[in-house]
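Everything below concerns the one structure shown next.
Residue numbers (full-length UniProt numbering): 1 to 181.
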């Protein structure tokens, strides 16, 4: 993906042909899942619990489809009771932080839904998977590709730091690749 040097206040340009995603304009004003202003309803999506995209210590990521458009999204399903006490503050703040980071090299947050047991974060789907899996599968990459990926990673990190955020779990497994590679 190409990096755009735009200020944080600039709305994200549509990245898909589907209207529902183009309507979304993130805002940093809501720091918690319950306070996040959703433009979409949980019921607008079909969750595919059998299609896992990844798993972490207290969350798993599954595929979902927007019913009206057929657009695929990733859903981070966080199980509340599995979150260690010392991590709860960070988990609750994650949606608000991600909503405020409007950058081409940062995955877009589309919807947050919370019930008694789970927090669901609907995210832009990155069909290229994660960088760790890509390197394991394909081996070494050409230097020109490695340089471009590194440039994009640094651009995203610089943007997060300029906006007073810090990525607390930066590793190859958390670096996602778009369909363009």
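Positions of the beta carbon are idealized from the N, C-alpha and C atoms, including for glycine. Computed from a predicted structure; not experimentally measured.
Going by DSSP, what residues sit across from residue 64 in a beta bridge?
Per DSSP, the beta-bridge partners of residue 64 are 47, 73.
Pop quiz: residue 42 and residue 67 are said to be a contact at Cβ under 8 Å. What is the actual Cβ separation, rounded to whole angstroms?
Not a contact, Cβ separation roughly 11 Å.
For residue 187, list the residues DSSP reports as bridge partners.
With the chain covering only 1 through 181, there is no way to say anything about residue 187.
Span of the alpha helix (DSSP H) around residue 83:
Element bounds for residue 83: n/a, residue is neither H nor E.
Check the DSSP bridge columns for residue 54 and list the partner residues they point to.
Under DSSP, residue 54 shares a beta bridge with 61.
Across which residues does DSSP place residue 79 in a beta bridge pair?
Beta-bridge partners assigned by DSSP to residue 79: 118.
Below 8 Å on the Cβ atoms is my contact criterion, and I expect residue 76 with residue 59 to pass it. Report the Cβ-Cβ distance as a whole number of Å.
Confirmed, Cβ separation roughly 5 Å.
List the endpoints of the continuous alpha helix (DSSP H) containing residue 138.
That run of the alpha helix (DSSP H) goes 131-138.
Taking the alpha helix (DSSP H) that residue 167 falls in, what are its first and last residues?
Taken as a continuous stretch (DSSP letters only), residue 167 belongs to no alpha helix (DSSP H), as it is neither H nor E.
Going by the CB atoms, is the gap between residue 134 and residue 128 shorter than 9 Å?
It is a contact, given that the beta carbons lie within the stated cut-off.
Selection from 40, 63, 170, 55 that minimises the alpha carbon distance to residue 47
Cα-wise, what sits closest to residue 47 is 63.
Output the distance between the C-alpha atoms of residue 179 and residue 124, rounded to the nearest integer angstrom.
C-alpha separation (whole angstroms): 12 Å.
DSSP three-state assignment for residue 176, whether helix, strand or coil
Assigned with DSSP and collapsed to three states, residue 176 falls in strand.
Does the Cβ of residue 86 have 16 or more other Cβ atoms within 10 Å, making it buried, or fewer, making it exposed?
The residue is exposed, with fewer than 16 neighbouring Cβ atoms inside 10 Å.
Taking C-alpha atoms, which residue in 81, 131, 143, 111 lies nearest to residue 117?
Per the Cα distances, 81.
Where do the ends of the alpha helix (DSSP H) carrying residue 145 lie?
Element bounds for residue 145: 143-162.
Determine the burial state of residue 79: buried for a count of at least 16 other Cβ atoms within 10 Å of its Cβ, exposed for fewer.
Residue environment for residue 79: exposed (fewer than 16 other C-beta atoms within 10 angstroms of its C-beta).
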